[in-house]
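> Residue numbers (the numbering used here): 289 to 525.
The C-beta atom is built at its ideal place from N, Cα and C for all residues, glycine as well.
Quantities reported herein were computed from a predicted structural model and do not represent experimental measurements.
#1: Of all the alpha helix (DSSP H) runs that stay within the bounds of the stretch 349-381, which reach a length of 4 or more residues?
#2: For residue 316, which residues does DSSP report across the bridge?
#3: For residue 507, count neighbouring C-beta atoms within 10 Å of its own C-beta (all shown protein chains included) and say buried if the count is 16 or more, exposed if not.
#4: At what residue ranges does the stretch 380-430 contain a whole run of the alpha helix (DSSP H), taking only runs of 4 or more?
#5: Let me confirm a value: residue 305 is counted as buried when at least 16 other C-beta atoms fall within 10 Å, else exposed. Which label applies?
#6: Three-state secondary structure (DSSP) at residue 470?
#7: Span of the beta strand (DSSP E) holding residue 481?
#8: With DSSP as the reference, identify every bridge partner of residue 332, one or two as the case may be.
#9: Could you pull out every residue in the same chain whose Cβ sits closer than 8 angstroms to the Cβ of residue 423, ignoring the five residues on either side in sequence?
#10: Cutting at 6 angstroms between CB atoms, please list the residues of its own chain near residue 347, excluding the five before and the five after it.
#11: Buried or exposed for residue 307, please, with buried defined as at least 16 other CB atoms from any protein chain shown within 10 angstroms of its CB.
#12: Helix, strand or coil for residue 517, going by three-state DSSP, please let me know.
#13: Taking three-plus beta-carbon pairs below 8 angstroms as touching, is the stretch 426-442 in contact with the stretch 473-491?
#14: With respect to the alpha helix (DSSP H) encompassing residue 458, which residues constitute its N-terminal and C-terminal limits?
#15: When burial is assigned at 16 or more other CB atoms within 10 Å of the CB, is residue 350 buried or exposed?
#16: I'd like the list of long-range same chain contacts for residue 332, defined as Cβ closer than 7 angstroms, with 5 residues on each side in sequence excluded.
#17: Can you find the residues in the same chain that come closer than 8 angstroms, C-beta to C-beta, to residue 551, ignoring five residues on each side of it along the sequence?
#18: Roughly how many angstroms lie between the CA atoms of residue 365 and residue 378, to the nearest whole one?
#19: Give me the Cα-Cα distance between residue 296 and residue 484, rounded to the nearest whole angstrom.
#20: Per DSSP, what kind of secondary structure is residue 500 in: helix, strand or coil?
#21: Do the stretch 313-323 and the stretch 445-454 make contact, defined as three or more Cβ pairs closer than 8 angstroms?
#22: Taking only three categories from DSSP, how would you classify residue 295?
#23: Looking only at its own chain, which residues have a Cβ that is under 6 angstroms from the Cβ of residue 329, when we skip the five neighbours before and after it?
#24: Quick one: give me the first and last residue of the beta strand (DSSP E) that residue 443 is part of.
Encoded structure:
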């Protein structure tokens, strides 16, 4: 049962839980998602969910309007102006009203689904407004579901952590809570998912539960994954 995702919070729980402070481990890939770890948590205390679009709309708009793969350092967004009227309309998306656990994808957040009036804006303003959508939806998710529980620090990874304009907006949304990146702490955010799936695979190989029902909405812990052995001499071993 449940959403079937997110999967990475299981590894976040093992790697980042702390007895001293509450943490939000935030990944900004195509979709933006967060793992919330209160102080000294048990598995049942972990809260994890998608907050909405991460880089997906920004990247699609930059490809369409500028022919680049992404907005390097957030320079295009920094040169534009956020259209608050359209931003408010974008924030009316039903996904933002859902309670966790919840997950989403490109089937809900794609530039082909954006309101037509956004394309009447100057190109830089479009990118700025979509960047603000990611930051604002993160801020709203934290204010609704995380800040009431107490939060000491946010650690951000994924491609969005390298977008300076996006990070500036996120810090503004979450002030005065410290918002740091994996790289600022000496970690490689690009390795986070690789490590996570190695951990998931190890637990599966050992026959141990490797899901977090509190994150996915599953009814109980289960062993996820399938062990497929190589074929030798035409026969599986």
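Result, derived from the coordinates:
#1: 363-367, 372-378
#2: 320
#3: exposed
#4: 411-429
#5: buried
#6: coil
#7: Element bounds for residue 481: not the beta strand (DSSP E) but the alpha helix (DSSP H), 480-493.
#8: Partner(s): none; residue 332 has no beta bridge.
#9: 454, 457, 458, 460, 461
#10: 358
#11: exposed
#12: coil
#13: no
#14: 452-462
#15: buried
#16: 502
#17: What the structure shows of the chain is the stretch from 289 to 525, and residue 551 is not part of that stretch, so it cannot be assessed.
#18: 17 angstroms
#19: 6 angstroms
#20: coil
#21: yes
#22: coil
#23: 305
#24: 441-445
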